Amino acid sequence: MEPYNECWIYSGSAKERLWNKSAIGQKTNGNNLLLSSSEVIFCHDHRHLDWPYENWLNEETKKKPNLINEAIILEALRVPGNKVMLTEKLGEKNELIFSRETWGLRWNSNCHPRVDEPESEVRWFHSSEYINMNELLSWTIDVQARKRIAEVLVVDNEQAVVTYNITSENPFGELSPPNRDDINLILKYDKIEINGGNLYFGYEKWPLEQLGINYQDGRIIDQITEEYITTDANEFSDITDVFSDLLERGLHPRTGFKYGTEWRCYDKKIGIDHAPWLVVSPSNKKMNWESACLASRLASGVNKTWLQPLKIDDVWKYLGIIRPPAKSRWTNPIKK
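Quick note: the sequence shown, position 196, residue 214 per the working numbering, numbers continuous.
Quick look at the structure:
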């Protein structure tokens with residue numbers, strides 16, 4: 019192998035097989051292959067290629083501190099049979115369109131880049147990295163616009179890899195949003211302040227099922243709901259603004275305390291089905307990938323989708339971090 023622009027040109031006898039069967043590397047200078055350093059490691063470990071020279075791995079790792087993690091990510095994707103093209107090697111003449119933040123494009127094992135469109139765009143992170151939620155959502159929307167899956171692979175200090183699908187969710191329900199007449203009616207009821215909210219009483223029938231919970235002959239309203247009832251919409255705090263948005267979407271937000279979130283949201287009347295969404299506070303944006311993976315895994319364990327609300331151009335959008343189906347959970351071989 020010969021070095022070329024931070025990559026390596028391979029001209030050995032296996033070059034045709036590497037490309038035709040596995041789509042490894044990128045064709046250059048005729049039929050030679052341009053390999054990234056992580057692809058060199060994969061070919062050494064799984065395609066029996068020699069290192070470019072003695073002590074290559076140590077020297078290359080000194081120059082590229084993320085190389086080992088990147089190679090682990092590539093291994094997790096390729097060992098199940100996926101084909102992956104790394105965007106760093108795709109020049110201006112390449113016809114594939116992808117986001118500038120995308121690290122790699124992935125094809126299923128029965129597809130090939132020369133004839134098929136990629137199924138997903140891939141990024142990877144270390145578990146300790148903090149998430150730029152707004153940037154991640156923008157990338158996801160861009161990827162989904164091309165009808166591709168936005169995939170994130172996360173690697174930890176033991177080089178264990180997990181996969182998550184990132185989505186821009188649009189949660190909606192079939193309930194009627196609260197109307198002003200019913201809210202004005204509630205404001206006429208008697209109430210007493212209790213710890214964490216108010217207890218309303220002195221009514222025959224509570225007009226809005228989405229607001230509060232029954233207690234004896236009254237209705238307990240928490241602080242967020244109280245602000246929603248008593249404050250003009252243009253003066254809502256962010257968390258109450260999200261609560262209002264969820265109601266306008268026909269959802270019924272209830273406390274998500276048991277799940278470690280702000281709300282669990284029902285899309286139908288309570289008792290018909292489970293709550294499909296778990297929504298965190300909009301102030302919850304400072305989170306690393308380790309915490310996000312835990313939250314998403316807990317949500318999937320109870321058949322729910324974890325959502326982070328983000329205000330973009332004065333509109334609330336919802337970022338989903340979702341554990342994919344078992345057949346699409348790319349992970350690396352167990353190392354002892």
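Note that the Cβ used here is the ideal one computed from N, Cα and C, for glycine as well. Since the model is a prediction, treat every value here as computed from it, not as a measurement.
Query	Result
Does Val173 come out as helix, strand or coil in the three-state DSSP assignment?	strand
Within 10 angstroms of its Cβ, does Arg141 collect 16 or more other Cβ (buried), or is it exposed?	buried
Would you call the CB atoms of Ile239 and Ile257 closer than 8 Å?	no
By DSSP, does Asn50 sit in helix, in strand, or in coil?	strand
Please go through the same chain and pick out, in chain order, the residues whose beta-carbon is closer than 8 Å to the beta-carbon of Gln177, but skip the five residues on each side of it.	Ile86, Asn87, Ile90, Asn350, Lys353
Helix, strand or coil, according to DSSP, for Val97 in the structure here?	coil
Helix, strand or coil for Thr35, going by three-state DSSP, please let me know.	Thr is not the amino acid found at residue 35; the sequence shown has Arg there. Looking at Arg35 - three-state DSSP - the assignment turns out to be helix.
Contact between the region 128-147 and the region 166-185: three or more CB pairs below 8 Å?	yes
In the structure shown, what three-state DSSP assignment does Asp331 receive?	coil
Going by DSSP, what residues sit across from Pro282 in a beta bridge?	Checking the sequence, you will find Arg at residue 282 rather than Pro. Answer by DSSP bridge pairing, in chain order: Arg272, Leu296.
Tell me, to the nearest whole angstrom, how far the beta carbon of Lys209 is from that of Asn216; I am working on the premise that it is less than 8 Å.	5 Å
Looking only at its chain, what residues have a beta carbon closer than 8 Å to the beta carbon of Thr248, apart from the 5 residues adjacent to it on each side?	Leu205
Quickly, what does DSSP pair Gln326 with across the bridge? List them, please.	Leu337
Please list the segments of the beta strand (DSSP E) lying wholly inside the region 103-154, counting only runs of 3 or more residues, in order along the chain.	122-125, 138-144
Hey, out of Glu77, Leu92, Phe219, whose CA is closest to His64's CA?	Leu92
What are the boundary residues of the alpha helix (DSSP H) that Ile242 is part of?	241-248
Span of the alpha helix (DSSP H) holding Ser262?	256-266
Could you check which residue in Cys61, Trp121, Lys345, Gly278 has the C-alpha nearest to that of Arg35?	Cys61
Helix, strand or coil for Gln44, going by three-state DSSP, please let me know.	strand
Looking at C-alpha atoms only, which residue of Ser55, Lys39, Ser40 is the closest neighbour of Cys25?	Ser55
When we look at the beta-carbon of Tyr22 and count the other beta-carbons within 10 Å, is it buried (16 or more) or exposed?	exposed
For the structure I just gave you, are there three or more beta carbon pairs, one from the region 156-172 and one from the region 274-294, closer than 8 Å?	no
CB-CB under 6 Å to Asn112, same chain, minus the five flanking residues each way: which ones, in chain order?	none
Indicate whether Gly191 and Arg267 have their beta-carbon atoms separated by less than 8 Å.	yes
In its own chain, which residues sit with a C-beta less than 8 Å from the C-beta of Ser117, not counting the 5 before and 5 after it?	Glu139, Trp157, Asp160, Val161
Which class does Arg347 belong to by DSSP, given the choice of helix, strand or coil?	coil
How would you call Phe261, buried or exposed, if buried means at least 16 neighbouring beta carbons within 10 angstroms?	buried
Could you pull out every residue in the same chain whose Cβ sits closer than 7 Å to the Cβ of Asp235, ignoring the five residues on either side in sequence?	Phe219
In its own chain, which residues sit with a C-beta less than 6 Å from the C-beta of Ala32, not counting the 5 before and 5 after it?	none
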